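In what follows, a single structure is set out as C-alpha cells and then discussed.
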Amino acid sequence: MTDVLLRAFWAPLTETYFQKALIGGCLVAIVAGAVGCLVVLRRMAFLGDALSHAMIAGVAGGYLVMKLLFGYEAHALGMLLGSLLAAVITVALIGFVSRISRIKEDTAIGIMYTGVFALGVVVVSIFRSYIHIDLMHFIMGDILGVADSDLWVSAFVSAGVLTVLILFFRHFQLATFDPIMAASIGLPVLLIDYALTTCVSLVVVSAVSMVGVILVVGLLITPAATAYLLSDRLDRMMALAALFGVTSVIGGLYLCVWLDSAGGGAVMLFGTLQFLVVLTVAPRYGLLARWLRLRRLVPQTVVEDVLTTMLRHEGETPLTVIRQFVQQHVSLPKALRQMEQDGLISAAPDGYRLTEIGLKEGRQVLRAHRLWETYLASIGTPQEDLHFTADRMEHVRADGTVDYLDEKLGKPVLDPHGKEIPPRQNNIHNIQ
Numbered sequence: 059m060t061d062v063l064l065r066a067f068w069a070p071l072t073e074t075y076f077q078k079a080l081i082g083g084c085l086v087a088i089v090a091g092a093v094g095c096l097v098v099l100r101r102m103a104f105l106g107d108a109l110s111h112a113m114i115a116g117v118a119g120g121y122l123v124m125k126l127l128f129g130y131e132a133h134a135l136g137m138l139l140g141s142l143l144a145a146v147i148t149v150a151l152i153g154f155v156s157r158i159s160r161i162k163e164d165t166a167i168g169i170m171y172t173g174v175f176a177l178g179v180v181v182v183s184i185f186r187s188y189i190h191i192d193l194m195h196f197i198m199g200d201i202l203g204v205a206d207s208d209l210w211v212s213a214f215v216s217a218g219v220l221t222v223l224i225l226f227f228r229h230f231q232l233a234t235f236d237p238i239m240a241a242s243i244g245l246p247v248l249l250i251d252y253a254l255t256t257c258v259s260l261v262v263v264s265a266v267s268m269v270g271v272i273l274v275v276g277l278l279i280t281p282a283a284t285a286y287l288l289s290d291r292l293d294r295m296m297a298l299a300a301l302f303g304v305t306s307v308i309g310g311l312y313l314c315v316w317l318d319s320a321g322g323g324a325v326m327l328f329g330t331l332q333f334l335v336v337l338t339v340a341p342r343y344g345l346l347a348r349w350l351r352l353r354r355l356v357p358q359t360v361v362e363d364v365l366t367t368m369l370r371h372e373g374e375t376p377l378t379v380i381r382q383f384v385q386q387h388v389s390l391p392k393a394l395r396q397m398e399q400d401g402l403i404s405a406a407p408d409g410y411r412l413t414e415i416g417l418k419e420g421r422q423v424l425r426a427h428r429l430w431e432t433y434l435a436s437i438g439t440p441q442e443d444l445h446f447t448a449d450r451m452e453h454v455r456a457d458g459t460v461d462y463l464d465e466k467l468g469k470p471v472l473d474p475h476g477k478e479i480p481p482r483q484n485n486i487h488n489i490q
C-alpha cells in the first residue's frame with residue numbers, strides 16, 4: 059500500500075512536463091492569489107473575465123505584427139505585449155463609456171469585452187493564413203504543455219507584479235477600503251486603479267496559456283475568496299490566497315495525472331473543492347459557524363414576552379407562570395439564561411425577578427402594547443381583538459415606530475381599557 063502511494067505521488071514528479079507545470083502553475087497561483095484579493099475586495103471579479111476574453115484580440119494583433127513585420131511565427135513577447143495592450147484598451151473603453159453616458163460600469167464591461175473579443179475572433183478568421191492560433195487551446199489552456207518561454211514569462215510577470223504590490227501595498231490598501239480618504243490625502247486614486255488593472259492584465263496574460271480563458275478568472279478569484287472567509291486583514295488574506303492557489307495547482311495537477319483529465323479543469327476543480335470546505339468550516343464566516351450562532355440566538359419576541367409577563371405579575375414570578383404566558387417554550391430556557399446574563403432578570407427562590415433594567419425594558423414593551431391597542435381601537439378594531447392583535451404588534455418598535463404612533467394619537471395617557479400607558483424612557487438597555 060505504501061509503495062503504491064509513493065509511486066502515485068513520486069512518479070509524476072520525475073516527469074519534466076509535470077515539473078514545468080508545477081513551477082509555472084505555482085508562480086502564477088501565488089501572484090494571482092495576491093492580486094485576486096484586491097479584485098475580490100473591490101468587487102471587480104467580472105473585470106478579470108472581461109480582460110481574459112479581450113486578450114484574444116491582443117494575441118491576434120501581436121501574432122500578426124510579429125509575422126508581417128519580423129517574419130516570426132508565435133512569439134511569446136509579442137503576444138504578451140499585444141494582450142496587455144488589448145487589456146488596457148478594454149479597461150480604458152469601459153471607464154470612458156461608464157463616465158460619459160448613463161451606462162453603468164457592469165453594463166459597459168459586458169459591452170466592451172464582448173466587442174473586443176469579437177474583434178479578435180474576426181481578425182483571426184480574416185488572417186487565418188497568417189495567424190495560427192488554436193482557439194480551443196486558448197479557451198481551455200494546457201498546463202501540462204507549458205513551454206520554457208511560458209515559464210520565463212510567468213517568472214518575470216510574477217516578480218514584477220509582486221514587487222509592485224509590496225512597494226505600494228499601503229496605497230492599494232487605502233484606495234481599496236477608503237478611496238475618498240485616499241484622494242483627500244493626495245493619493246492618485248485613478249492612477250492606483252490603473253496600476254491594479256495593469257497588474258490584473260499581466261496576471262491574466264501569464265495564466266491564460268496554462269488554464270485558458272474560461273478558468274483564469276477562477277485562478278484569480280477562487281483562492282482569494284477562500285482566504286476572505288478566513289481573514290479580516292489584507293496582508294494575511296493575500297498570504298492565504300497565495301497558499302490556496304498553490305495547493306489548487308498541486309492538487310489539480312495530481313488529479314489531472316491520476317484521472318487523465320484536462321489540467322486547467324482539474325486545477326480549478328480542486329480550488330473549488332477547497333472553497334467549499336472552507337465555506338463550510340471557517341471559524342467565523344463558515345456555514346457551520348453561522349448555524350451555531352443562529353442556534354445560540356434568542357428571539358427578541360420571546361425576551362419581550364417574558365418581560366411583559368413578569369411586569370404584569372409584580373414581584374417574584376414563578377417559572378410555571380412564565381411558561382403559561384410565553385408560547386415558545388423551546389426558546390424559553392435559553393432566553394432566561396440570556397436575560398440573566400444581560401442583567402434583565404435575576405434568579406429568585408421560586409422563580410425570577412426583574413432587575414431595574416428589566417423593569418425599564420418591560421415598561422417600554424408594555425407602552426408599545428397599549429399604544430397599539432389605542433391605535434387599533436381608533437380605527438374600529440373590535441374590542442375582543444384588541445389585546446390579541448396588539449400582543450403581536452408590540453414587538454414592532456424599531457426606528458421610532460412607537461414614538462410616531464404616540465404623536466399620531468395625541469400622546470394618550472390611558473389605553474382603551476383605562477390602564478395607564480407608561481411614558482417614554484431614553485437610554486434603555488439594548489436587548490440582543
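The number in our numbering is simply the position in the sequence shown, starting from 1, with 58 added. The beta carbon of each residue, even a glycine, is placed where N, CA and C say it ideally should be. Because the structure is a prediction, the values reported are computed rather than measured.
What are the boundary residues of the beta strand (DSSP E) that includes residue i?
i	result
ALA240	No beta strand (DSSP E) holds ALA240; the alpha helix (DSSP H) holding it covers 237-242.
State buried or exposed for residue i, treating a residue as buried only when at least 16 other CB atoms are found within 10 Å of its CB.
i	result
HIS111	buried
ASN485	Interpretation of ASN485 is limited by its pLDDT of 49, a score under 50 that renders its predicted location unreliable; no figure is taken from the coordinates.
MET170	buried
PHE67	exposed
ASP107	buried
GLY458	exposed
HIS475	exposed
GLU73	exposed
SER31	Nothing in the structure corresponds to residue 31, since the chain is present only between 59 and 490.
VAL471	exposed
GLY334	In the sequence on display, residue 334 carries Leu and not Gly. Classification of LEU334: exposed, given that the 10 Å Cβ count is below 16.
GLN490	Its pLDDT being 42, under 50, GLN490 is placed unreliably by the model, and nothing is read from it.
LEU407	Note that residue 407 is Pro in the sequence shown, not Leu. Classification of PRO407: exposed, given that the 10 Å Cβ count is below 16.
PHE446	exposed
GLN422	buried
GLN382	exposed
PHE154	exposed
What residue does the alpha helix (DSSP H) around residue i start on, and which one ends it?
i	result
GLY409	Unbroken run through GLY409 is the beta strand (DSSP E), 409-412; no alpha helix (DSSP H).
ASP164	163-184
ASP208	206-225
ARG294	292-317
GLN358	358-370
GLY82	74-99
THR459	459-466
Residue i bridges to which residues according to DSSP?
i	result
THR375	TYR410
ILE403	LEU412
LEU472	GLU478
Going by beta-carbon coordinates alone, are residue i and residue j separated by less than 8 Å?
i	j	result
GLY83	ILE184	no
VAL304	ALA118	no
THR367	THR375	yes
ASP461	ARG482	yes
ALA145	VAL336	no
LEU311	LEU80	yes
ALA92	ALA300	yes
MET295	TYR286	yes
VAL258	LEU109	yes
VAL266	MET326	no
PHE328	LEU317	no
Any heavy atom of the ligand SAH closer than 7 Å to the CB of residue i?
i	result
ALA150	The ligand SAH is absent from the structure shown, which contains no ligand whatsoever.
Whose CA, out of the options, lies closest to the CA of residue i?
i	options	result
VAL181	VAL123, ILE161, ILE167, ALA217	VAL123
THR234	LEU292, LEU225, GLY153, GLY199	LEU292
PRO246	PHE226, LEU260, SER264	PHE226
THR359	ALA340, PRO440, ALA115, LYS392	LYS392
LEU288	GLU452, GLU478, GLY344, ASP318	GLY344
LEU223	PRO237, GLY244, CYS95	CYS95
LEU273	SER212, ALA115, ALA166, THR330	THR330
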